[in-house]
Amino acid sequence: MSIYNSPLRYPGGKTKLVAYVLETLEINDLIGGTYVEPFAGGAGIAWYLLLNNKVKHVCINDINPSIYAFWYSVLYSTHELTQRIIDTPVTIDEWFKQKQIQENVDSSKLDLGFATFF
0 MSIYNSPLRY PGGKTKLVAY VLETLEINDL IGGTYVEPFA GGAGIAWYLL LNNKVKHVCI
60 NDINPSIYAF WYSVLYSTHE LTQRIIDTPV TIDEWFKQKQ IQENVDSSKL DLGFATFF
């Protein structure tokens, strides 16, 4: 199984640290616990640990409002986010539209979350 399970390809991603984090959990008898990621980004480590049953729970957060809005939308506006992914054409014009949403500080969490994904 690929270790790249995140829907985001976040620059500076920490997925390459999965083996180190996993070994740290094993050495400290923490398998099956909770993994906390204060700077989630794409949450690659959290996804790997959760999907491979190495932890039971993950807690993620991010100071970047766009990243926070994306993960918030994944959890709390799942249907709406999924529908936008299905319905939105992948075009250059749409890219510019989503870029404007990113730059608008008054964007809703769902709008910003989708723009981040796009």
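Residue numbers 0 to 117, in this note's numbering, belong to the letters of the sequence shown in order. Backbone N, C-alpha and C fix where the C-beta goes; we use that ideal spot for every residue, glycine too. If you're wondering where the values come from, they're calculated on a predicted model, not measured in any experiment.
| said: Please report the straight-line C-alpha distance between Leu29 and Thr90, rounded to a whole angstrom. | reply: Their Cα atoms are separated by approximately 45 angstroms.
| task | Sort Glu79, Trp46, Gly31, Leu24 by Cα distance to Lys13 and report the nearest one. | result | Looking at Glu79, Trp46, Gly31, Leu24, the one whose alpha-carbon comes closest to that of Lys13 is Trp46.
| request: Would you decide whether Ala18 is buried or exposed? Buried here means 16 or more other CB atoms lie within 10 Å of its CB. | output: That one is exposed.
| query | Can you pull the DSSP bridge partners for Glu93? | reply | Residue pairing by DSSP places Glu93 in no beta bridge whatsoever.
| field | Cβ distance (whole Å) where Val73 is taken to contact Ile44 below 8 angstroms | value | The pair is not a contact, with the Cβ atoms about 16 angstroms apart (cut-off 8 angstroms).
| From Lys55 to Leu7, what distance separates their C-alpha atoms? | Rounded to the nearest whole angstrom, the CA to CA distance from Lys55 to Leu7 is 22 angstroms.
| field | Nearest-angstrom Cα separation, counted from Ile26 out to Cys58 | value | The alpha-carbon separation between Cys58 and Ile26 amounts to approximately 21 angstroms.
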